[in-house]
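Numbering (the working numbering), first residue to last: 383 to 493. So the structure is just underneath, and the comments pick up after that.
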């Protein structure tokens, strides 16, 4: 057991795990030239904040706003309000399984 995490509330523990996973993902993905990132399904904004430490522009979107997420855009993942090829990278975690029209969502992420 890690002394620095013992006794943390469950929400903090969940945030810790999500941020750990994000660091692992960023270590594996080639990120040269990436400046604009779309976070699809920003939720409470924990990962948006962490992404901002690495990228010049992070745009969080979510269909249902929760909390106080800096710069959150409320939008449906199957119809994103951005011009084609605006983002260099789309990041999403624990979201795709909740998307009703996955084909439309993937098409939007690709464009």
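Each residue gets a CB set at the ideal place from its N, CA and C atoms; glycine is no exception. Predicted model, so just to flag it, every value in this text is computed and none were measured.
Taking just the CA atoms, how far does residue j sit from residue i?
i           : j           : result
residue 487 : residue 470 : 17 Å
Return the chain-ordered list of same chain residues with a C-beta closer than 6 Å to the C-beta of residue i, the five sequence neighbours on each side being excluded.
i           : result
residue 441 : 420
residue 491 : 472
DSSP three-state call for residue i: helix, strand or coil?
i           : result
residue 444 : strand
residue 471 : strand
residue 484 : helix
residue 456 : strand
residue 411 : coil
residue 462 : coil
residue 451 : coil
residue 490 : helix
residue 432 : helix
Sorted by chain position, which residues of the same chain lie with C-beta nearer than 8 Å to residue i's C-beta, five sequence neighbours on each side aside?
i           : result
residue 438 : 417 and 418
residue 466 : 493
residue 427 : 442, 449, 450, 451, 452 and 454
Whose C-beta lies closer than 7 Å to the C-beta of residue i among residues of the same chain, with five residues either side of it excluded?
i           : result
residue 444 : 423, 424, 425, 454 and 456
residue 404 : 429 and 432
Which partner residues of residue i appear in the DSSP bridge assignment?
i           : result
residue 422 : 443
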